[in-house]
Amino acid sequence: MKKDFHITQEMIDRYGEINGDNDIIHYDVEYARNRGFKAPIAHGLMVQGYASALGAEMYGAQWFTRGEIEVKFVGPLYPDETITVEIDDEGRLNVAAGERTCIVGSARLRDAG
Numbered sequence: 001m002k003k004d005f006h007i008t009q010e011m012i013d014r015y016g017e018i019n020g021d022n023d024i025i026h027y028d029v030e031y032a033r034n035r036g037f038k039a040p041i042a043h044g045l046m047v048q049g050y051a052s053a054l055g056a057e058m059y060g061a062q063w064f065t066r067g068e069i070e071v072k073f074v075g076p077l078y079p080d081e082t083i084t085v086e087i088d089d090e091g092r093l094n095v096a097a098g099e100r101t102c103i104v105g106s107a108r109l110r111d112a113g
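Start counting the sequence shown at 1; every next residue gets the next number (full-length UniProt numbering).
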């Protein structure tokens with residue numbers, strides 16, 4: 001299953017307000033550039049949330065009691081980018097912004113038992 005999501009700076013700002021993450025790398029262009037990024041970066045857990053949402057869509061209600069997600073953050077996500085979140089039939093997870101991979105991992109159901 002595959003789904004696209006467009007990420008904006010407003011979404012990043014709002015996520016930070018909700019979870020209390022005030023690290024300016026998510027908000028300040030100059031600060032982010034001085035650390036090697038082209039712009040502020042999205043919160044990793046925010047991006048992971050889109051992967052979890054796709055897991056819920058893919059696996060249905062079982063996701064909420066048996067779902068497990070493992071991720072490795074391998075690249076940044078910038079404002080005004082569209083990510084493609086994909087979970088294949090074996091549970092392999094990939095999140096990419098164009099050709100740049102942002103997250104790899106797995107999203108699957110634990111065995112019931």
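Where a beta carbon is used, it is the ideal one built from N, C-alpha and C, also for glycine.
Please confirm whether Leu54 and Met1 have their CB atoms less than 9 Å apart. yes
Give the secondary structure of Arg14 by DSSP, where H, G and I count as helix, E and B as strand, and everything else as coil. helix
Please classify Arg110 as buried or exposed, where buried requires at least 16 neighbouring CB atoms within 10 angstroms. exposed
To which residues of the same chain is Ala96 closer than 7 Å at the C-beta, ignoring the five residues directly before and after it? Ile83, Thr84 and Cys102
Exposure of residue 114, with buried meaning 16 or more beta-carbon neighbours within 10 Å: An answer regarding residue 114 cannot be provided, because it is not within the stretch 1 to 113 covered by the chain.
Three or more C-beta pairs closer than 8 Å, one from the region 51–71 and one from the region 15–24: is that the case here? no
Please list the segments of the alpha helix (DSSP H) lying wholly inside the UniProt domain "MaoC-like" (3–94), counting only runs of 4 or more residues, in order along the chain. 9–19, 29–34, 44–59 and 63–66
From Val47, Pro76 and Gly105, residue whose alpha carbon lies closest to that of Arg92: Gly105
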